[in-house]
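Remember, my numbering sits 1383 above the position in the sequence shown when you count from 1.
We put the CB at the ideal spot given by N, CA and C, even for glycine.
Please read all numbers here as calculations on a predicted model, not as lab measurements.
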Amino acid sequence: MKGDVYFAEKRKAMVEEVKAKGLASNPRVLEALMKVPRHLFVPREYIDMAYEDRPLPIGYGQTISAPGVVARIAELLDPQPGEKVLDVGTGSGYQAAVLAELVAPSEAPRESWGHVWSIEIIEELAEAAKSNLREAGYIDRVTVVVGDGSMGYEPEAPYHRIAVGAAAPRIPEPLVDQLTPGGRLVIPIGDRFVQKLTVVEKGGDGSVRVWSDIEVLFVPLTGRYGFREGGEGFEKSHLTL
Ligand code: SAM
């Protein structure tokens, strides 16, 4: 039976790989990656691959994102302790746990904790993610909801940071609307075959600055502002890249 020490060693090598690839250098992000037990977020049959820098299937045609990309999103978002985060596309719950470790560090007093709301459109995955988050010790810092996250999650808005873990044709306006002034959104934007991690920063005056980071390949965002049968399911946006 492989134990905590075995997995911690594997995790250390994974963090070194992410660092060497230049995907993350922020010590807080690297520490968060070192803390979250990714092997508890992958299906049992893939447990030996949990610390390879690659996505893995989680059922329903979906994947747990590669740790390097999860780290890159966290690095670009740079969430601070105490902040509110929305994570769109819960999948396994791994990205949500890494973000939770940044806004609500395990060693910090609970009163200082921020919170992550994570929204997943496939109910069965949301349930599985909840059980992963419970087992890994993050259930008090992450609230998983079922719904179309391409429209954000209005009941808890605004958010300091929003992470989207699925590819979209354009930047969904509701997500920008649900950012606090000074808030930041990271979302893969492109077609179904290649996207760029795109950063959207909302200024204090409500103005918006957009820039692109690395190329990535994500599963499509579905729902109102995602990809639809027959092309882009997206009527209007003033934020076209
Ligand atoms: N970040 C996740 C993790 O660490 O496991 C992986 C995300 S997975 C690549 C993309 C997820 O987005 C899938 O679980 C998919 O069902 C979900 N998804 C796609 N469109 C969605 C939408 N409109 N609202 C909410 N979730 C959506």
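Those residues which DSSP pairs with S1501 across a bridge = D1470, V1527
Tell me whether E1598 sits in a helix, a strand or coil according to DSSP, three-state version.
-> In the structure shown, E1598 falls within a strand segment according to DSSP collapsed to helix, strand and coil.
For L1482 and I1441, believed in contact at Cβ under 8 Å, the rounded distance | Not a contact, Cβ separation roughly 18 Å.
Using 8 Å as the threshold, is the region 1480-1500 in touch with the region 1411-1420, meaning 3 or more CB pairs across them?
-> yes
Any non-hydrogen atom of the ligand SAM closer than 7 Å to T1605 Cβ = Yes, Cβ of T1605 sits closer than 7 Å to a heavy atom of the ligand SAM.
Cut-off 7 Å between Cβ atoms - residues of its own chain near I1447, not counting five sequence neighbours on either side | F1424, V1425, P1438, L1439, I1441, G1474, S1475, Y1477
Return the first residue and the last residue of the beta strand (DSSP E) that V1425 is part of.
-> Careful: V1425 lies outside any beta strand (DSSP E) and carries neither H nor E.
Taking K1579 and V1559 to be in contact with their CB atoms under 8 Å, please state how far apart those CB atoms are, rounded to whole angstroms.
-> Not really, about 17 Å apart at Cβ, beyond 8 Å.
Counting Cβ pairs, one atom from each stretch, are 3 or more of them under 8 Å apart for the region 1446-1466 and the region 1526-1535?
-> No, the region 1446-1466 is not in contact with the region 1526-1535.
Opposite V1591 in the DSSP bridges: which residues?
-> K1585
So Y1477 is in the alpha helix (DSSP H); what residue range does that whole segment cover?
-> 1477-1486
Length of the line joining the Cα atoms of P1541 and Q1561 | 5 Å
Cβ of D1574 versus every heavy atom of the ligand PLP: is any distance shorter than 7 Å?
-> The ligand PLP is absent from the structure shown, which contains only the ligand SAM.
Contact check, G1606 vs S1533, beta carbons under 8 Å | yes
Since I believe G1497 is in contact with A1487 (beta carbons under 8 Å), could you give me their beta-carbon distance rounded to a whole number of angstroms?
-> The Cβ separation is near 5 Å, so the contact holds.
Q1578 beta carbon near the ligand SAM (any heavy atom closer than 7 Å) = Distances from the CB of Q1578 to the heavy atoms of the ligand SAM are all 7 Å or more.
Leaving aside the five residues before and after I1456 along the sequence, list all residues of the same chain whose C-beta is less than 6 Å from its C-beta, in chain order.
-> These residues qualify, in order along the chain: A1546, V1569.
If you drop the 5 nearest sequence neighbours on each side, which residues of the same chain put their C-beta closer than 6 Å to that of I1505?
-> So the list reads Y1443, once near-sequence residues are dropped.
Starting from L1568, follow the beta strand (DSSP E) in both directions and report where the run begins and ends.
-> 1562-1573
Coil, strand or helix - G1442 by DSSP | Here G1442 sits in strand by DSSP.
Closer than 8 Å by C-beta to V1401: which residues in its own chain qualify, once you throw out the five before and the five after it? Chain order, please.
-> A1407, L1413, L1416, D1436, P1450, G1451, A1454
Between D1531 and the ligand SAM, is the CB less than 7 Å from at least one heavy atom?
-> yes
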